[in-house]
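Engineer: Chains Y and D supply the protein sequences, listed in that same order.
Residue numbering for the first sequence is 17 to 201, as defined by the working numbering.
Residue numbering for the second sequence is 126 to 247, as defined by the working numbering.
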Amino acid sequence: MRELALHILDIAENSISAGANKIKISIIENHRDDLLEIEIKDNGKGMDADTLANITDPFITSRTTRKVGLGIPFFKAAAETCDGTFNIHSKQGLGTKVQAVFKHSHIDRMPLGDISGTLQALIIGTPEVNWVFEYNVDEDSFVFDDEPIKETLDGVPLSEPAVMKFVREMIDEGIKGVRQKVLSE
Amino acid sequence: MSTVKSLDDLKKIREEALKKQQLRETSGKTEVIVGMGTVGIAAGARETLKAIMDMIANEDLNDIIVRQTGNIGLDSYEPIVVVAVPGEDKVNYGKVNPEMARRIIKDHVIDGKIVSEYQIQG
Numbered sequence: 017m018r019e020l021a022l023h024i025l026d027i028a029e030n031s032i033s034a035g036a037n038k039i040k041i042s043i044i045e046n047h048r049d050d051l052l053e054i055e056i057k058d059n060g061k062g063m064d065a066d067t068l069a070n071i072t073d074p075f076i077t078s079r080t081t082r083k084v085g086l087g088i089p090f091f092k093a094a095a096e097t098c099d100g101t102f103n104i105h106s107k108q109g110l111g112t113k114v115q116a117v118f119k120h121s122h123i124d125r126m127p128l129g130d131i132s133g134t135l136q137a138l139i140i141g142t143p144e145v146n147w148v149f150e151y152n153v154d155e156d157s158f159v160f161d162d163e164p165i166k167e168t169l170d171g172v173p174l175s176e177p178a179v180m181k182f183v184r185e186m187i188d189e190g191i192k193g194v195r196q197k198v199l200s201e
Numbered sequence: 126m127s128t129v130k131s132l133d134d135l136k137k138i139r140e141e142a143l144k145k146q147q148l149r150e151t152s153g154k155t156e157v158i159v160g161m162g163t164v165g166i167a168a169g170a171r172e173t174l175k176a177i178m179d180m181i182a183n184e185d186l187n188d189i190i191v192r193q194t195g196n197i198g199l200d201s202y203e204p205i206v207v208v209a210v211p212g213e214d215k216v217n218y219g220k221v222n223p224e225m226a227r228r229i230i231k232d233h234v235i236d237g238k239i240v241s242e243y244q245i246q247g
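(1) Keeping to the same chain, check which residues put their C-beta closer than 7 Å to that of Phe158 of chain Y; ignore five residues upstream and five downstream.
(2) Nearest chain D C-beta to Ser31 of chain Y closer than 8 Å, yes or no?
(3) Leaving out five residues before and five after Arg184 of chain Y in sequence, what residues of the same chain have Cβ atoms less than 8 Å from its Cβ?
(4) For chain D, find out if any of its Cβ atoms is closer than 8 Å to the Cβ of Arg184 of chain Y; answer yes or no.
(5) Could you give the C-beta distance for Asn222 of chain D and Thr173 of chain D, rounded to a whole number, given that I count them as a contact under 8 Å?
(6) Would you kindly work out how many angstroms separate the C-alpha atoms of Thr168 of chain Y and Lys137 of chain D, rounded to a whole number?
(7) Cβ closer than 9 Å: which chain D residues qualify as neighbours of Val179 of chain Y?
(8) Find out if the Cβ-Cβ distance for the pair Glu45 of chain Y, His120 of chain Y is shorter than 8 Å.
(9) Any idea which residues DSSP pairs Lys57 of chain Y with across the strands?
(10) How far does the alpha helix (DSSP H) with Glu167 of chain Y in it extend, from its first residue to its last?
(11) Provide the residue(s) that pair with Glu140 of chain D in DSSP beta bridges, ordered along the chain.
(12) Using CA coordinates, which residue listed in Y:Ser42, Y:Thr72, Y:Leu52 and Y:Glu96 is at the minimum distance from Asp58 of chain Y?
(13) What does the alpha-carbon distance come out to for the pair Ile165 of chain Y and Lys238 of chain D?
(14) Using DSSP's beta-bridge definition, name the partner residues of Thr155 of chain D.
(15) Cβ of Lys61 of chain Y within 8 Å of Cβ of Gln108 of chain Y?
(16) Just the C-alpha distance for Ile88 of chain Y and Thr194 of chain D, rounded to the nearest angstrom, thanks.
(17) Hey, quick one: how far does the beta strand (DSSP E) through Glu150 of chain Y stretch, first residue to last?
(18) Hey, would you say Thr72 of chain Y sits closer than 8 Å to Lys92 of chain Y, going by beta carbons?
(19) Cβ of Gly100 of chain Y within 8 Å of Cβ of Phe118 of chain Y?
(20) Would a C-beta distance cut-off of 8 Å place Val251 of chain D and Val234 of chain D closer than the cut-off?
(21) Tell me whether Glu29 of chain Y sits in a helix, a strand or coil according to DSSP, three-state version.
(22) Buried or exposed: which applies to Asn37 of chain Y, given that a residue is buried once 16 or more other Cβ atoms fall within 10 Å of its Cβ?
(23) At 7 Å on the CB atoms, spell out the chain D contacts of Thr134 of chain Y, in chain order.
(24) What three-state label does DSSP hand Ser132 of chain Y in the structure shown?
(25) For Ala167 of chain D, would you say it is in contact with chain Y, using Cβ-to-Cβ distances shorter than 8 Å as the test?
(26) Does Thr142 of chain Y have its Cβ less than 8 Å from a Cβ in chain D?
(27) Am I right that Ala94 of chain Y and His23 of chain Y are in contact with their C-beta atoms under 8 Å? What's the rounded C-beta distance?
(28) Determine the direct distance from the alpha carbon of Met180 of chain Y to that of Arg171 of chain D, and round the result to whole angstroms.
(29) Here's the rule: buried if 16 or more other CB atoms are within 10 angstroms of the residue's CB, otherwise exposed. What is Asp162 of chain Y?
(30) Thinking C-alpha only, which one of Y:Ile140, Y:Ser106 and Y:Ile54 is nearest Pro127 of chain Y?
(31) Would Ser42 of chain Y count as contacting chain D if we go by Cβ distances under 8 Å?
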C-alpha cells in the first residue's frame, strides 16, 4: 500500500467484519514531538488472547476464503520501519483498538494520502456503522461524527447524490481547514 | 462542527430529495457493490469506489445504492464491482479501474446494457 489512508481503510474493514456498529478513526499530527499517530477503535466482537497474540503474524487470519491475512502485519511493518510503534488492544465482546505511531519526519514514512476518499468510502459504503473521525494537527482539530447527519436525513439514504456531495464537501473542508493553518505558518 | 457545511444545509438537501422521490415511481434501487478486502484495496478498489461515488454526486444519478463489502474471494480479479439490478441476476465485474467503473455505471446501471467484456466469466 502506498498511503496510510489505505491502511486505515483496510484496518477499518476488519472492524466492520468484527461486527462493529461504532468505529472511531483518529489521526494526530504532532510536529513539535515529530509524531504521527493513527488509531482505529471499534466496538466489534474483539479477539481472545490467543488470536490477539498471533494477530501480527502474517500467517494468521479470521478469513476462511484464504489462509493468510496481511493487513495488520503490513501496517505494523509500516510503523516500525519509521522508528514507530504498533499496538493492538482487544477484549472479547468489547472491541478492538489498533494504534500505530510513526516518526513524522521519517524518510520512509508513507504520506497520509487521500484521507477524504477513505472516509467517504467507509461512510457512504457502510451506512449501518456510526463513523467518528477526529483529525488533530498540532493545536487544531476537526471532528466529524456522522450520527447527526443520519438523524437529520431521517431515512433519506446517504447515497442520494446531493447528500454524497454534502458529505464530501464537509470532510474536504474540515481536513483542509486543519491543514491550512500549518501551511500558513 | 467547525465547517462551512451545516446541518441546516443538509435539511434543505433532504427536503429536495424527498420531493424528487415522490415524483419518481418506486421501481426499486440498483445496488453497486465494491469489494474492499486487503487485496482489493491494494489493487485500487478505493479509487474505483470513489469514481462511482463522484459520478453519482456530480451527475445527480438517483436510485443507486453504493456499498462496499469485505473480501469477495476472487483475489485475482480485484478490484471487483458487483451490479445488482432488482429482478435481475447479479453481474460481477473484474479488475475494474475508475474509467471502467464509469462505463459500467453509464452502460449497465443507467442504460441497462451489461458490459460483457469486463464481466468475470464462470
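A virtual CB, placed ideally from N, CA and C, is assigned to each residue, including glycine.
Structural biologist: To lay it out plainly:
(1) Cβ within range, chain order: Tyr151, Gly190, Ile191, Gly193 and Val194.
(2) For Ser31 of chain Y, not one C-beta of chain D is nearer than 8 Å to its own C-beta.
(3) Closer than 8 Å at the Cβ level, and outside the excluded window around Arg184 of chain Y, lie Ser132 and Gln136.
(4) Contact with chain D is found for Arg184 of chain Y, since one of that chain's Cβ atoms lies less than 8 Å from the residue's Cβ.
(5) Between Thr173 of chain D and Asn222 of chain D the Cβ distance is about 6 Å, and since that is below 8 Å, they are a contact.
(6) C-alpha separation (whole angstroms): 10 Å.
(7) By Cβ distance, chain D contributes Leu135, Ile138, Arg139, Ala142 and Ala182.
(8) Result yes, Cβ atoms of Glu45 of chain Y and His120 of chain Y sit closer than 8 Å.
(9) Beta-bridge pairing by DSSP links Lys57 of chain Y to Y:Lys40 and Y:Lys113.
(10) Run containing Glu167 of chain Y: Glu163 to Leu169, per the alpha helix (DSSP H) assignment.
(11) According to DSSP, which records beta bridges pairwise, Glu140 of chain D is partnered with nothing at all.
(12) Looking from the CA of Asp58 of chain Y, the closest CA among Y:Ser42, Y:Thr72, Y:Leu52 and Y:Glu96 belongs to Y:Ser42.
(13) Going from the Cα of Ile165 of chain Y to the Cα of Lys238 of chain D covers about 35 Å.
(14) Thr155 of chain D is bridged by DSSP to D:Ile189.
(15) Cβ atoms of Lys61 of chain Y and Gln108 of chain Y: closer than 8 Å.
(16) Whole-angstrom Cα-Cα distance: 18 Å.
(17) Note, Glu150 of chain Y: beta strand (DSSP E), Asn146 to Val153.
(18) Against a cut-off of 8 Å, the Cβ pair of Lys92 of chain Y and Thr72 of chain Y comes out as a contact.
(19) Yes, the pair counts as a contact, with Cβ atoms nearer than the cut-off.
(20) Residue 251 of chain D is absent from the structure shown; chain D starts at 126 and stops at 247.
(21) In this structure, Glu29 of chain Y counts as helix in the three-state DSSP scheme.
(22) Label assigned to Asn37 of chain Y: exposed.
(23) Arg171, listed in chain order.
(24) DSSP places Ser132 of chain Y in helix when its eight states are reduced to three.
(25) Interface residue, yes.
(26) Yes - at least one Cβ of chain D is within 8 Å of the one on Thr142 of chain Y.
(27) About 6 Å separates the two Cβ atoms, so the contact holds.
(28) Distance between the alpha carbons of Arg171 of chain D and Met180 of chain Y: 16 Å.
(29) Label assigned to Asp162 of chain Y: buried.
(30) Here the closest residue by C-alpha is Y:Ile54.
(31) No, because no Cβ of chain D sits closer than 8 Å to the Cβ of Ser42 of chain Y.
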